[in-house]
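Letter by letter, the first sequence follows residues 11 to 587 of the numbering used here. Every residue gets a Cβ at the ideal spot worked out from N, C-alpha and C, and that includes glycine. Shown next, in C-alpha cells, is the structure this report addresses.
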Amino acid sequence: MNIFEQFLDKIKETLLDLSKKGDLILPDTLNGITAEMPPSKFDSDISTNVAMVLSKINKKTPIDLANTLSEKIKKKDKLIEEISVVKPGFINIKFKKIFWTNFIKEITQKSKSFGINTKENKKNFLIEFVSANPTGPLHVGHCRGAILGDVIANVLLFNKHKVTKEYYVNDYGNQIINFTKSVYFRIREISFKEPFPNDNEDLYPGDYLIDFANNIINYNKDLDFKNFEKISEKLTVLAIEEALKLIKKNLMSLGINHDNFISEKKLVKNQEVEKVINFLQKNNFVYKGKIKAPAGEDDDNWVEREQLLFKSTDFGDDKDRALQKSDGAWTYFASDVAYHKNKLDRKFDKLINILGADHAGYIKRISSSVEALSNSKDKLVCKVSQLVKLIKDKKPFKMSKRKGDYITVDDLINEVGKDATRFIMLNRSSDVELDFDFDNVIEKSKDNPLYYVQYCYARIASVFRHIEKDLKSEIKIDKYDFEYSQDEINILKKISEWPKCIDASSNKLEPHRIPTYLYELASLFHSYWNLGKDNPDKRFINDQKKITNDKLILLKAISNVIKSGMDIVGVSVPEKM
RNA sequence: GCGCUUGUAGCUCAACUGGAUAGAGCGCCUGACUUCGGAUCAGGAGGUUCUGGGUUCGACUCCUAGCAGGCGCACCA
C-alpha cells in the first residue's frame, strides 16, 4: 500500500488518456514524473511535478499546464478535497478526511505486508560482510560494516528478496602462518615456561592467544607440542577454529548470524584459483609482466619483477594487479577472484560486498574481475562503510593493535549493549565517518535516539496495559465510521511514507534511512501525546478507562511500523523501560 | 603524485535517485509535571549547503576546475 505509487499510476493513466486524444504530447519515458510529500508548510497531502516535466515538450508554461491537468486529475478522483497549483508548477492535492480513514483501514487489515514493495521483481542476493581475518576477536572497527551488512540483509528480506549472508574466511597466506606461530609460542610459554618473544614484530601479541593456547592444550592432550614442524598443519587448523569460535561468539552478541562461512584455503585446495585463472587466460585477461612503481613514491626500494598479472586496467583500474607472488603462491587477490567466480557460479542475481574504508582501494580491481568473469558491469555492488571515530572522555581514542590497546566487540556489548550499538552505528549514512561517543551512548538519556524511539513504543504499550489489551495481537474494528483530526492525519501521512523509506533503503542499500524515519515518526507521536496535557479530549483514555476505535487503531498502526522498523534494525522494543 | 571518499547552523548529522521558503538533535535562551510514563513536549535565536564556472523551468544533489579533511596506493589479507 504505497499511496504515492497509487497516485502516480492514476496520473499516468490520465496522461495517457489525454495523449490518446491528442491533447497532450508525452516524452519517451514518464520516469521523471514523481509523487511526493509536499513540504509541511503547505496544507496538502501529496504533490506532483508533472506539469514542470511536460511543460517544455508541450510548449506551455508549467503553471498553465498544471491548471489544465489538475482539473482532469480532480475529475478522476473522488477522494480529492482540493487541488491547487503552486509556483513554479507543482500540483498539490489535499485528500478528503475519509481518504485517511480508508488508508488506516487498509494498512491494519494488511499489517504484515505494509511497507513491502509488491511491484518489483524479487531477486536472489548474496551479501558478503565482515570477513575479518580469523586471527582474533572482532573490534569496533569491524562492527559498523557488520551491522550495515546485517541490516541491509534484513531490509532485503523484509522486502521479500532472497538473501544469503556469507563470511569469507581468509585462512590462507602469511598472516595465518604468523598467527599459528604466535599461538605456538603461547603454548610453549604455558607448557615449557618459555617467554613469549615480544620483540618479534610479525607475531600477534594479544592476550586472547593465551586462551586459544590453553584451549588447544586442554582438548588435544595427544599432541606433541615440542616440535613445531610436526604439528604445524594441525595447529593451524586448531588455531583458526579457536579464532572463528570467538568471532562467531562476537557476531552472535551483535545479533548477527551468517548463513555460510567460505574458506579461502578450501578454494585454493580445490584448485579453484587455477581454474579461474585458466578461464581468464583463455579470454586474454592475464599476462606475464612487470608493474611500475607509482609516481611520487620512492622507487629506491622498488624491485621490478615479472609476475602473472590481471588486466584490470581494461576495466578502468589504474594498474594491472598481481595474481601470483614470487614464491609461486597465489596472492590474496587471486583467491578472491576465485571466490567471486564461485559466487557467480551459484547463480545469484546480485552480489553485494560490504567493505571497510581501508579496503575501498580494492573495489576497482575486484569489480573488474567480476566484470571479466560475468561480462556484466552491475553484477557486483560494493558498499563501503566509513571509519568509526571513537570518542572517550571527549577525546578521540586511538586504537593500536600492537599495544593490545583496542576496544573489542565484547567491550562494546558489555558497556553499551547490543541495541544502542546497532542503532547508533546505523543512524548515519555509511559514507560518512561516524563519531561514536562512548560516554554519550552509555548514558540512558534523551541524547540517545534509540531510547527516544523505544519510549514511543513503551508509551503505546502503557496505554494498552491500561485498557487491558494486548499490543501484540490483531485488533478488529467493525466500522470505520470516524474521521481523523489534522494532528492525527499528520501522523498518518508519516506512516504513508514508510513504504518509500523501505524502497529507498532497499534499492540504494542505505539502511540508515530507517532509524532516521523511526525517529521522525516517534517525534510526531510524542508531540501528539503531549497534546493531552492541555486538552483532556486529546488523551487516549477517557475517564471511564475507555478508548475510542479511531485512537486505538491509530496507536496500533504506529506501533506496528515502529516494531517492523526496529526488527529490521535488529533492536528490541520493550513494552516497559 | 594518483585513485576513492567527505565538506550543509557553534557541534553531530538529515534532505525521499534534480523539486517548492534547506530540516532534526545537542548546545544556548523562554516556558509546560495534583496528568494515559517528563527517557516527553511547546516556543526563540542560529545558513552565501567549502569556492569559482557550467548543464536547466529548477542544483545540497549532476558536469568541470580548484580548496580542505579522511582512507588507500607492489609478493598484507
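Inter-residue Cα distance where the pair is residue i and residue j
i           : j           : result
residue 300 : residue 522 : 43 Å
residue 15  : residue 36  : 19 Å
residue 341 : residue 334 : 5 Å
residue 497 : residue 538 : 7 Å
residue 63  : residue 106 : 27 Å
residue 7   : residue 547 : Lying before the first or after the last residue shown, residue 7 is absent from the chain, which here runs from 11 to 587.
residue 545 : residue 534 : 17 Å
residue 263 : residue 449 : 21 Å
residue 458 : residue 258 : 28 Å
residue 70  : residue 353 : 53 Å
residue 20  : residue 401 : 51 Å
residue 373 : residue 176 : 18 Å
residue 293 : residue 385 : 11 Å
residue 124 : residue 89  : 21 Å
residue 145 : residue 586 : 41 Å
residue 49  : residue 503 : 12 Å
residue 568 : residue 550 : 14 Å
residue 236 : residue 445 : 48 Å
residue 296 : residue 39  : 42 Å
residue 117 : residue 421 : 41 Å
residue 440 : residue 370 : 13 Å
Per-residue burial, residue i [other beta carbons within 10 Å of its own, 16 or more giving buried]
i           : result
residue 346 : buried
residue 202 : exposed
residue 216 : buried
residue 315 : exposed
residue 540 : exposed
residue 282 : buried
residue 26  : exposed
residue 142 : buried
residue 211 : exposed
residue 349 : buried
residue 356 : exposed
residue 558 : exposed
residue 291 : exposed
residue 493 : exposed
residue 542 : exposed
Sequence-distant residues of the same chain with beta carbon closer than 8 Å to residue i, five excluded per side
i           : result
residue 418 : 147, 148, 149, 150 and 260
residue 13  : 56, 113 and 506
residue 338 : none
residue 180 : 141, 143, 144, 186, 274 and 342
residue 328 : 374
Beta-carbon contacts of residue i that lie in its chain and below 7 Å, excluding the five residues immediately before and after
i           : result
residue 331 : 319, 320, 322, 343 and 375
residue 443 : 396, 397 and 399
residue 86  : 20 and 24
residue 469 : 539
residue 192 : 213, 214 and 219
residue 277 : 283, 345, 348, 349 and 352
Residue i (DSSP reduced to helix, strand or coil)
i           : result
residue 271 : strand
residue 334 : strand
residue 185 : helix
residue 149 : strand
residue 43  : coil
residue 361 : strand
residue 242 : helix
residue 445 : strand
residue 91  : strand
residue 133 : coil
residue 492 : coil
residue 400 : strand
residue 71  : coil
residue 265 : coil
residue 312 : coil
Own chain partners of residue i with C-beta closer than 6 Å, once the 5 adjacent residues on each side are dropped
i           : result
residue 226 : 248
residue 154 : 395, 398 and 435
residue 474 : 481
residue 351 : 286 and 383
residue 363 : 138 and 392
residue 233 : 241
residue 238 : 194
residue 256 : 147
Residue i: CB within 7 Å of a non-hydrogen atom of the ligand MG
i           : result
residue 171 : Ligands displayed in this structure: none; no statement on the ligand MG is therefore possible.
Are the stretch 431-442 and the stretch 574-581 in contact at 8 Å, needing three or more beta carbon pairs? yes
Within the chosen definition, does the stretch 95-109 reach the stretch 75-84 through at least 3 CB pairs nearer than 8 Å? yes
Any contact between the stretch 119-136 and the stretch 166-186? By contact I mean 3 or more CB pairs, one from each, below 8 Å. yes
Is it a yes or a no for the stretch 473-485 touching the stretch 552-570, going by three-plus beta-carbon pairs under 8 Å? yes
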